[in-house]
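Beneath this line is the structure, given in structure tokens, with notes to follow.
Protein chains: 2
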Amino acid sequence: MDQFEQQISRLKPDFEKKLQEFVEIPSVSLLPERAPDMHRAAEYGKTLLEEAGFKAEIVKTKGYPVIWGRHIVDPAYPTLSIYNHLDVQPGGEPEWKTDPFRFVKQGDTYFGRGTTDDKGPALSAYFASKLAIAGKIPLNLQFLWELEEEIGSPSYEEFITKKRKDLQTDSVLVSDTIWLNRERPAIPYGLRGLQAFRLTLETGEKDCHSGLCGGAARNPLTELAQLISELVDGKTGKVKIPGFYQSVKRASKKEIANFVAAGFDQEKFKKAHGLKTLRFSDVADLTARIWALPTLEVHGITGGWQGPGVKTAIPPRAEAKISCRLVPDQTPEEITDLMIRTVKKLNPDVQVHIEGGLVPYLGEFKGKYADAGVLALEYAFGATPAFTREGGSIGAVVTMKKLLGVPVNFLGLSLPEHGYHAPNENFDWRQASGGMKMFLRYFELISGRK
Amino acid sequence: MDQFEQQISRLKPDFEKKLQEFVEIPSVSLLPERAPDMHRAAEYGKTLLEEAGFKAEIVKTKGYPVIWGRHIVDPAYPTLSIYNHLDVQPGGEPEWKTDPFRFVKQGDTYFGRGTTDDKGPALSAYFASKLAIAGKIPLNLQFLWELEEEIGSPSYEEFITKKRKDLQTDSVLVSDTIWLNRERPAIPYGLRGLQAFRLTLETGEKDCHSGLCGGAARNPLTELAQLISELVDGKTGKVKIPGFYQSVKRASKKEIANFVAAGFDQEKFKKAHGLKTLRFSDVADLTARIWALPTLEVHGITGGWQGPGVKTAIPPRAEAKISCRLVPDQTPEEITDLMIRTVKKLNPDVQVHIEGGLVPYLGEFKGKYADAGVLALEYAFGATPAFTREGGSIGAVVTMKKLLGVPVNFLGLSLPEHGYHAPNENFDWRQASGGMKMFLRYFELISGRK
């Protein structure tokens, strides 16, 4: 056990205590009733940073604030900014075996909403920074902890714009991504974008009895079902909106070959995400579809009876919750235009409500920081990472790249089996402690130390 | 004011008290957690009947019991059985302005779930029976109060079979139907049948993140939306299942002419049911479609996110709640067969769960009892009823016709604006008191009195 590992193992009780305290604040940015918890999470984050010797501030925005902490050892040293987010997904899925907002420890595995996305990785970086400060690594550190990542980062640009002058940094490290599997770390160099919509249709004022009105009354559920089937092929996922694919920059043959070589394992993927069957069976096809092609998915259809059995009323209104994952060079604006135009044509009574949008991101996988990331991962976990794209979206990445103008790199710690956005979300000490070692090594490699 | 009316007006406080007590027992047969309330409703019904001098019994079945009360004045007199139901729809719609299970009186209007369907009409008949007994009308009376009408009467046949010998009756009167409008009573001679289904599709074990899996993962919501659009035209309601209309006995030209002559008012219909627009605008077309043609409606689609905004997870399973209203000579069995066969062909992974089914009913609108109904309605309300069909279903009717073998007639009291199966359900004293007068007159007309 080297010196790092000894130091890290002593941090375990404190890491678990802090992760527990974080998880038990249900900081669900999507649910307005959680606003008080969001502010508790911000206060708690600030307290942690101050405890580690950072100058910390809760920076207000029109939405939820950003927690900003800065530790300048010497202005002559390089500065690294580490991005994580402290907001989480809701926890209402019936498959949860434990309370999503109670921290449950089973051996070295930690259950609870936010353990892997993204409170656990945030704390790994946080504890690594404490060790870096104690070990006098010649590097200035800055934390950027967002509270609106899960709702598309609507206020992050406001934060960056407001504090731009004080945020000066040489590079940004984002820790909010997922490995291919436990043996195969991944460093993404691209992220899909997003555009979400709610399609609503109101045909009446109240439930109407299908015996009394059925046949004459319009049914918003059957009309929305028909509209959905005209927007996307339900089985293959092929989007039917005219022009939807026109701006897609197809992944090159070399990229696709890299995706395949990265070791994407179809069976492990199915197992990790609990999928019975997939739409396609070819690995090249599958990786391209999750990393390099856009989607249109329906995430929920409200309206009518949700209880047991069948209540034979025709509801007055219904809503389809839809999102499109976007890839370069699609833009949220372009896709919004196409959606509005197509819906207007197919069913003019349906209202299109525009929700969060994020530009897709395509970065570089070469250079000093990318090299340091590879070495740090190899050092901490003994495995060589694959360079992949990631199918998800992190709104803040695009903003930081655009406004700070410095390299943005990714070092994530989550595994497919950690259940990102899924019930029974978890994280584990192996990834947490390995993560601390990885971050520390990364700090050293990019520091001013010769 | 005649003698009847004086007697009736004195009953008002007691009617309101008993309707309040009934409404405030949330006897929702669809919700398993309401079982204790169902049994309270049965006990309360029995108490009422005993108070009026009936010999009453709570007759157990495999499901909820039936309350049976009998008052034999003289075995030589004719016996009339009056059918109502004491179970109600759930009350969860957001449009309720008052608590659905609190009785709220505004002037002579009574709000609360079950006021018009069917506790108010049941109590009108009940108070009329008290007056009939006091007035020594030579008629034996029997009440049949069901507790499973809203879930398709699954145990009513068991009850009739069990008590058949003791239930001897000369005719049955059902009070659970709706007028055309406040000025135009209606006596239905036909009811649509019903077959409900739940279509379920499970493609995974848990929510999966659309960033991580979107493109590769199957989406049960888009697949069900596509299936629905292949079963029914979402806009016109035309059912696309091959063979669905083959057994439909089309309404005759004379019947359609009667429907039009009945005075169906499209604008009033839209207003009463809170409908913004209808699928069709021709009255002959509309009345045929709600009374004499079958339907396929979707009543709810579960699966995925139901909260505010868009949560970008792909759910592991989804369910479409569907019902078909049936008309003569369609049968639930035939429609179930067609549904299973069609779904199997369109999406073999979708499971068809068979829910309640009811045979459609087509009775007569001639004869002694029908004539008495017309006279009683004219006497009590000063308006001539139209003979129509009704688009809804009452499972018990088909069972009573089949097993008791006597005429089954309808005298309802509900109005379209009472909000059957809808939020802000209500009943009013004009219909309640007029109803008592109507029942009393009907009792006299069919009694042994010369």
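Same order as they appear, the protein sequences are chains A and B. Counting from 1, one number per residue, gives the positions in the first sequence under my numbering. Counting from 1001, one number per residue, gives the positions in the second sequence under my numbering. Even glycine gets a Cβ: it sits at the ideal position worked out from N, Cα and C. Remember, predicted model here, so these are calculated numbers, not experimental data.
Item                                                                                                                                                          : Value
Give the interface partners of I178/A over in chain B, defined as CB-CB distance under 8 Å, in chain order.                                                   : L1212
Quick one: which chain B residues come within Cβ less than 8 Å of F387/A?                                                                                     : Within 8 Å Cβ-Cβ: nothing; F387/A doesn't reach chain B, min ~17 Å.
Could you tell me whether any Cβ in chain A is nearer than 7 Å to the Cβ of V1232/B?                                                                          : yes
Along chain A, in chain order, which residues have C-beta atoms closer than 8 Å to that of T1342/B?                                                           : Simply none; closest approach about 16 Å.
Ignore the nearest five residues each way along the sequence and tell me which others in P1185/B's own chain have a CB closer than 7 Å to its CB.             : W1179, L1377, F1381, A1383 and P1385
Is there a Cβ of chain A sitting closer than 7 Å to that of E1319/B, yes or no?                                                                               : no
With a 10 Å radius around its C-beta and 16 neighbouring C-beta atoms as the bar for buried, classify H273/A as buried or exposed.                            : buried
Where does the unbroken alpha helix (DSSP H) through H1039/B begin, and where does it stop?                                                                   : A1035 to E1051
Please name the residues in the stretch 20–46 of chain A whose beta-carbon is closer than 8 Å to at least one beta-carbon of chain B, in chain order.         : L30, L31 and P32
Run through DSSP, which three-state label would A128/A get?                                                                                                   : helix
Do R1325/B and L1194/B have their C-beta atoms closer together than 7 Å?                                                                                      : yes
To the nearest angstrom, how far is the alpha carbon of H1071/B from that of I1160/B?                                                                         : 18 Å
Which two residues bound the contiguous alpha helix (DSSP H) that contains T1109/B?                                                                           : Per DSSP, T1109/B belongs to no alpha helix (DSSP H); it is in the beta strand (DSSP E), T1109 to F1111.
Which residues in the same chain have their Cβ closer than 7 Å to the Cβ of K62/A, if we skip the five residues on either side of it in sequence?             : S155 and E158
Near I301/A, what residues of its chain come up, given a Cβ to Cβ distance below 6 Å and the 5 sequence neighbours on each side ignored?                      : A320
Using DSSP with H/G/I as helix, E/B as strand and the rest coil, what is F1022/B?                                                                             : helix
Going by C-alpha to C-alpha distance, which of S1414/B, Y1245/B and G1190/B sits closest to L1338/B?                                                          : Y1245/B
Which of helix, strand or coil does DSSP assign to P1407/B?                                                                                                   : coil
So for P1188/B, helix, strand or coil by DSSP?                                                                                                                : strand
Let's see if you can read the secondary structure: which residues bound the alpha helix (DSSP H) around L1030/B?                                              : That residue, L1030/B, is in no alpha helix (DSSP H); it is neither H nor E in DSSP.
Could you check where the alpha helix (DSSP H) with E1241/B kicks off and where it finishes?                                                                  : As written in the sequence, residue 1241/B is Ile, which differs from the Glu given in the question. Premise fails: I1241/B is in no alpha helix (DSSP H) and is neither H nor E.
Does the Cβ of Q106/A have 16 or more other Cβ atoms within 10 Å, making it buried, or fewer, making it exposed?                                              : exposed
Would A216/A and I1290/B qualify as a contact pair, given that the criterion is a beta-carbon distance under 7 Å?                                             : yes
Hey, out of T1295/B, T1116/B and G1135/B, whose CA is closest to R1430/B's CA?                                                                                : T1116/B
Flag P348/A as yes if its beta-carbon sits less than 7 Å from any beta-carbon of chain B, otherwise no.                                                       : no
Just the chain E side, please: which residues come within less than 7 Å of W1305/B by C-beta, in chain order?                                                 : Given the protein chain composition of this structure (A and B), no chain E is represented.
Between which two residues does the beta strand (DSSP E) holding Q195/A run?                                                                                  : G193 to E202
Measuring straight from C-alpha to C-alpha, what distance separates Q7/A and I82/A?                                                                           : 21 Å
Would K206/A count as contacting chain B if we go by Cβ distances under 7 Å?                                                                                  : yes
Closest Cβ-Cβ distance between H1273/B and chain A: below 7 Å?                                                                                                : yes
Using the rule of at least 16 other Cβ atoms within 10 Å of the residue's Cβ for burial, across every protein chain shown, is G1237/B buried or exposed?      : buried
For the alpha helix (DSSP H) that V1343/B lies in, which residues bound it at each end?                                                                       : P1332 to L1346
Take K366/A and list the residues in its own chain whose beta-carbon comes closer than 7 Å to its own, dropping the five residues that flank it on each side. : none
Taking C-beta to C-beta, are K1437/B and F1004/B nearer than 7 Å?                                                                                             : yes
If you follow the alpha helix (DSSP H) that Q6/A is part of, which residue opens it and which one closes it?                                                  : Q3 to R10
Between the beta-carbon of L1346/B and the beta-carbon of L1227/B, is there less than 7 Å?                                                                    : yes
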